[in-house]
Amino acid sequence: MKGENPMRVLPVSLGRSFNGLWFGTGAANLGDGMALFVLPLLALAVDASAGGVAAVAAALTLAWPVFGLHAGWIVDRVDRRALLSTVNAVRGLILGGVTAAYVADVLSLPLILVAAVLLGVAETLVDTALTSTIPLVVEPAGRSRANARIEATINVTNQLAGPPLAGLLAGATLALATGASAALYVLAIGGLLVMRLHRPQPAASPATPPAGRGRSELVAGFRFLWRQPVVRTLTLFTAAMNVVWAVAVSLLVVYAVEPGPLGLTAAQYGLLLTGMAVGGLIASVLVEPLRRWVGTTRLMVADAVGTVLFVAPVAFDAGVWVVAAGAVVAGAGSSI
Numbered sequence: 006m007k008g009e010n011p012m013r014v015l016p017v018s019l020g021r022s023f024n025g026l027w028f029g030t031g032a033a034n035l036g037d038g039m040a041l042f043v044l045p046l047l048a049l050a051v052d053a054s055a056g057g058v059a060a061v062a063a064a065l066t067l068a069w070p071v072f073g074l075h076a077g078w079i080v081d082r083v084d085r086r087a088l089l090s091t092v093n094a095v096r097g098l099i100l101g102g103v104t105a106a107y108v109a110d111v112l113s114l115p116l117i118l119v120a121a122v123l124l125g126v127a128e129t130l131v132d133t134a135l136t137s138t139i140p141l142v143v144e145p146a147g148r149s150r151a152n153a154r155i156e157a158t159i160n161v162t163n164q165l166a167g168p169p170l171a172g173l174l175a176g177a178t179l180a181l182a183t184g185a186s187a188a189l190y191v192l193a194i195g196g197l198l199v200m201r202l203h204r205p206q207p208a209a210s211p212a213t214p215p216a217g218r219g220r221s222e223l224v225a226g227f228r229f230l231w232r233q234p235v236v237r238t239l240t241l242f243t244a245a246m247n248v249v250w251a252v253a254v255s256l257l258v259v260y261a262v263e264p265g266p267l268g269l270t271a272a273q274y275g276l277l278l279t280g281m282a283v284g285g286l287i288a289s290v291l292v293e294p295l296r297r298w299v300g301t302t303r304l305m306v307a308d309a310v311g312t313v314l315f316v317a318p319v320a321f322d323a324g325v326w327v328v329a330a331g332a333v334v335a336g337a338g339s340s341i
């Protein structure tokens, strides 16, 4: 047709392999959102102290600073489909074991901590593999659309749908929430098995022992980061902000859920966390206009303010609506 761009890319299907990855990502991240929500509640159920509950939350994220750098090196050298399927199967077994222990009334804080650490390690592998698998299943013209679908699916399932769904199930029994999370991890494997990798994956160099090469690559990565002023500053800034964020998230469940001061049920606590995700999604739509209007630096300051507003209501013993408003603002700041 006259005047039409002949190079325009039509919105065709991204293919069966991507659809399998997409389905597996959605199912696994819904399981993630439920598991991250319910494990601290399990700690409360076994009469853990506030420090014990915080330790569970910390154990879920400890793998990133300890193991995250190694995860990238591992993912680069194994079959992605096999890795994603195996890790999801292991996560299903872990949550299935936690469910069985809770039903048998033998669940303890040490067992929950072990499960949290293993789930954290699994998350580093899955999240790292996911971003590097999309180019193996989608042609270059469709990758932006594929990434957008994956990111939107992660946000909706992990942050929006996961906590309230887990809260509703936990209102009946915590075992139902953990069991459903385990089932979702297993369900994700079905989508991943449909996936076919259309492009060759890089292999490890046979001339260098894997352990030695891994260490040298990590050292080189640290040196590169430290020599880049902008990247170094951003890394230190986000690390400092995440310390505050992690402390707040770790202890929020103790403050919010009965017998804490807010006296919320598990379902109400799930809705509170969903408010944080809503703030993040709204901000993700507005971030580009805001960046053009006020600049990147001011938006980074807004993120810091958002984190303070997440912590301050709890610090000053505020009511539930003030805490909820702070969570929405904090979620927006984090997304920005």
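According to the working numbering, the sequence shown is numbered sequentially starting from 6.
No residue lacks a Cβ here, since even glycine has one placed at the ideal position from N, Cα and C.
Rounded to the nearest whole angstrom, the C-alpha separation of LEU116 and VAL122 is 10 Å. Secondary structure note for ASP132: its alpha helix (DSSP H) is the uninterrupted segment 114 to 142. Taking a cut-off of 8 Å for Cβ pairs, the segment 228 to 237 and the segment 89 to 98 do not touch, as fewer than three such pairs fall below it. At a Cβ-Cβ threshold of 8 Å, VAL71 and LEU44 do not count as neighbours. Of the candidates ALA245, ARG96, ILE194 and TRP231, ILE194 places its Cα closest to the Cα of ARG86. Selection ASN247, VAL325, GLY77 and GLY284 evaluated against ALA335 yields GLY284 as nearest (Cα-Cα). The bridge partners DSSP lists for VAL333 come to none.
Collapsing the DSSP output to three states places LEU269 in a strand.
Only buried fits ALA175, as 16 or more other CB atoms lie within 10 angstroms of its CB. Of the other Cβ atoms in all chains shown, 16 or more fall within 10 Å of the Cβ of ALA40; this residue is therefore buried. In chain order, THR158, ILE159, THR162, ASN163 and GLY167 place their CB closer than 8 Å to the CB of ASN34, counting only its own chain and leaving out the 5 sequence neighbours on each side.
A contact is defined here as three or more CB-CB pairs under 8 Å, and the segment 292 to 306 fails this definition with respect to the segment 260 to 269. In this structure, the alpha-carbon of TYR260 lies about 24 Å from that of GLY36. In the three-state reduction of the DSSP assignment, VAL262 falls in the strand class.
In this structure the segment 316 to 330 touches the segment 251 to 260; the number of beta carbon pairs closer than 8 Å is three or more. Here GLU128 is near ALA68, since their CB atoms are less than 8 Å apart. In the displayed model, ALA50 falls within a helix according to three-state DSSP.
ALA151 and ALA53 have their C-alpha atoms some 42 Å from each other. TRP27 and THR183 have their alpha carbons spaced roughly 23 Å apart.
The beta carbon of THR279 lies closer than 7 Å to those of LEU165, PRO168 and PRO169 in the same chain, with the five residues before and after it left out. Taken atom to atom, the span from the alpha-carbon of VAL249 to that of THR312 is near 8 Å.
A residue is called buried once 16 or more other Cβ atoms fall within 10 Å of its Cβ, and ALA244, having fewer, is exposed. Spanning the alpha carbons of LEU295 and LEU135 requires a straight line of approximately 29 Å. Restricting attention to LEU65, ILE79, THR30 and VAL327, the CA atom closest to the CA of LEU223 is found in ILE79. Judged by beta-carbon spacing, TYR274 lies within the 8 Å limit of GLY172, meaning their Cβ atoms are closer than that value.
In the structure shown, the three-state DSSP call for ILE287 is helix. In the three-state reduction of the DSSP assignment, ILE341 falls in the coil class. Sixteen is the threshold: since fewer than 16 other Cβ atoms of the shown chains lie within 10 Å of the Cβ of ARG21, the residue is exposed. With fewer than 16 other Cβ atoms from the protein chains shown falling within 10 Å of its own Cβ, LEU230 counts as exposed. The alpha-carbon of LEU118 is positioned some 42 Å away from that of GLY300.
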